[in-house]
Amino acid sequence: DTEVTQTPKHLVMGMTNKKSLKCEQHMGHRAMYWYKQKAKKPPELMFVYSYEKLSINESVPSRFSPECPNSSLLNLHLHALQPEDSALYLCASSQATSGVSYEQYFGPGTRLTVT
Amino acid sequence: GIQVEQSPPDLILQEGANSTLRCNFSDSVNNLQWFHQNPWGQLINLFYIPSGTKQNGRLSATTVATERYSLLYISSSQTTDSGVYFCAVTYSPAYGSWGKLQFGAGTQVVVTP
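Residue numbers (my numbering), protein chains in the order written: chain A, 1 to 115; chain B, 1001 to 1113.
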């Protein structure tokens, strides 16, 4: 099974709200990723978790806070977002072996609108 | 960082036509993936192809790593092939990450009945 699930599918939030995006995979992968995709642009990497530890933060503003509670779950906590943060947020996972890259599998995404 | 260029940026096809999409990259890569993003935003894995040739139904892909390009072939196109096709490469930036997937800008494909 090569499935990554994401909830919710759609989210509308105000600039003062706090919300969370959730991602789950059951492929035994040990690397998980958050990407942000604006309309008509390719996905851009935000965070990488490797063996449940934050490995890469691509200079993302602190209003985005990732969390990896266990090897199957990845959350993205959102607080005090701006309208320009409206985008499709994609989660991905891959096997993790030091020094070797593996195929990444993407979830269906959460379409976020900040009002 | 590595540059990934896709061509053409847009492609309009009549149903049943064949087409070739190209991906050029500027440096050595660890792997290369082709994705299809459907109108609902789902990124679907088409090929994981760091080198060589693979086929899956009406789609096939070839990567010539030594010449730094990959080609995606769509044969007998169908309306369900519409969407954006992305090429993405994995490389090792200065900090030694193995997980950095760099996307090209994509090719928007529209297949008309």
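Quick reminder that beta carbons are idealized off the backbone N, C-alpha and C, glycines included.
Checklist entry - Starting from serine 55 (chain A) and walking both ways along the beta strand (DSSP E), at which residues does that stretch end? => result In the first sequence, the residue the question calls residue 55 (chain A) occupies position 55. Looking at the DSSP string, the run of the beta strand (DSSP E) that includes serine 55 (chain A) is 53–57.
Checklist entry - With distances taken from CA atoms, which of B:Leu1072, B:Val1111 and B:Thr1107 is nearest valine 1064 (chain B)? => result As a first step, residue 1064 (chain B) is located in the second sequence; it is residue number 64 there, counting from the start. Here the closest residue by C-alpha is B:Leu1072.
Checklist entry - So which residues on chain B does leucine 112 (chain A) lean against when the C-beta distance must stay under 9 Å? => result Translated into positions along the first sequence, residue 112 (chain A) becomes position 112. In chain order: nothing, as chain B lies at least about 12 Å away.
Item to check | Cβ-Cβ separation, lysine 36 (chain A) to asparagine 75 (chain A) (assumed contact under 8 Å), whole Å | outcome: For the purposes of this step, residue 75 (chain A) is identified with residue 75 of the first sequence, where counting begins at 1. For the purposes of this step, residue 36 (chain A) is identified with residue 36 of the first sequence, where counting begins at 1. Not really, about 15 Å apart at Cβ, beyond 8 Å.
Item to check | Below-8 Å beta-carbon distance, proline 42 (chain A) vs any chain B residue | outcome: Here residue 42 (chain A) refers to the residue found at position 42 when the first sequence is read from its first residue. Answer yes: the Cβ-Cβ gap between proline 42 (chain A) and chain B drops below 8 Å somewhere.
Next on the checklist: Can you tell me which residues form a DSSP beta bridge with glutamine 1014 (chain B)?
Outcome noted: In the second sequence, counting from the first residue as 1, residue 1014 (chain B) sits at position 14. For glutamine 1014 (chain B), which the question treats as bridged, DSSP gives the partners B:Thr1112.
Item to check | Whether alanine 96 (chain A) touches alanine 39 (chain A) by CB criterion (8 Å) | outcome: In the first sequence, counting from the first residue as 1, residue 96 (chain A) sits at position 96. In the first sequence, counting from the first residue as 1, residue 39 (chain A) sits at position 39. In this structure, alanine 39 (chain A) does not lie closer than 8 Å to alanine 96 (chain A) by Cβ.
Checklist entry - Is the beta carbon of arginine 111 (chain A) sitting closer than 8 Å to the one on leucine 88 (chain A)? => result Working through the first sequence from its first residue, we reach residue 111 (chain A) at position 111. Working through the first sequence from its first residue, we reach residue 88 (chain A) at position 88. Yes, these two residues count as a Cβ contact at 8 Å.
Next on the checklist: Under 8 Å, with one C-beta from each stretch per pair, do the stretch 1041–1060 of chain B and the stretch 1003–1014 of chain B reach the 3-pair mark?
Outcome noted: no
Checklist entry - Which stretch, first to last residue, makes up the beta strand (DSSP E) that contains threonine 110 (chain A)? => result Within the first sequence, the letter at position 110 stands for residue 110 (chain A). Threonine 110 (chain A) -> beta strand (DSSP E) spans 110–114.
Item to check | Best match in A:Pro83, A:Glu52 and A:Tyr49 for proximity to glycine 14 (chain A) [C-alpha to C-alpha] | outcome: The count along the first sequence starts at 1 and reaches residue 14 (chain A) at position 14. The shortest Cα separation from glycine 14 (chain A) among A:Pro83, A:Glu52 and A:Tyr49 belongs to A:Pro83.
Item to check | Boundaries of the beta strand (DSSP E) in which tryptophan 1034 (chain B) is found, first to last residue | outcome: The sequence position of residue 1034 (chain B) within the second sequence is 34, counting from 1. Unbroken beta strand (DSSP E) run through tryptophan 1034 (chain B): 1031–1037.
Next on the checklist: What does DSSP give as the partner residue(s) for histidine 10 (chain A) in the beta ladder?
Outcome noted: As a position in the first sequence, residue 10 (chain A) is number 10, starting the count at 1. DSSP output for histidine 10 (chain A) lists A:Arg111 as bridge partner(s).
Checklist entry - Could you check where the beta strand (DSSP E) with lysine 22 (chain A) kicks off and where it finishes? => result By one-based count along the first sequence, residue 22 (chain A) stands at place 22. Looking at the DSSP string, the run of the beta strand (DSSP E) that includes lysine 22 (chain A) is 18–25.
Item to check | Close Cβ partners of threonine 5 (chain A) (< 8 Å) along its chain, the five nearest in sequence each way excluded | outcome: Residue numbering aside, residue 5 (chain A) sits at position 5 when the first sequence is read from its first letter. Contacts found: Cys23, Glu24, Gln25, Gly107 and Pro108.
Checklist entry - Is the CB of serine 1100 (chain B) under 8 Å away from at least one CB in chain A? => result For this step, residue 1100 (chain B) is matched to residue 100 along the second sequence. The question names serine, but residue 1100 (chain B) in the sequence shown is lysine. By this cut-off, lysine 1100 (chain B) is an interface position.
Next on the checklist: Can you list, in chain order, the residues of its chain with a C-beta nearer than 6 Å to that of isoleucine 56 (chain A)? Leave out the 5 residues immediately preceding and following it.
Outcome noted: Here residue 56 (chain A) refers to the residue found at position 56 when the first sequence is read from its first residue. Answer for isoleucine 56 (chain A): Val48, listed in chain order.
Checklist entry - Any beta-carbon of chain B closer than 8 Å to the one on glutamate 84 (chain A)? => result If you number the first sequence from 1, residue 84 (chain A) lands on position 84. No, its Cβ sits nowhere closer than 8 Å to a Cβ of chain B.
Next on the checklist: Taking only three categories from DSSP, how would you classify glutamate 1067 (chain B)?
Outcome noted: Reading the second sequence from its first residue, position 67 is the one you call residue 1067 (chain B). Three-state DSSP puts glutamate 1067 (chain B) in a helix.
Checklist entry - With burial defined as no fewer than 16 other Cβ atoms inside 10 Å of the residue's Cβ, what is the status of aspartate 1027 (chain B): buried or exposed? => result Reading the second sequence from its first residue, position 27 is the one you call residue 1027 (chain B). Exposed: under 16 other Cβ atoms inside 10 Å.
Checklist entry - Along chain B, which residues have their Cβ under 8 Å away from the Cβ of tyrosine 105 (chain A)? => result For the purposes of this step, residue 105 (chain A) is taken as the residue at position 105 of the first sequence. What tyrosine 105 (chain A) touches in chain B: Asn1045.
Checklist entry - So is phenylalanine 1025 (chain B) in contact with chain E if we call contact Cβ pairs under 8 Å? => result Checking the listed chains, one finds no chain E in this structure; the protein chains it contains are A and B.
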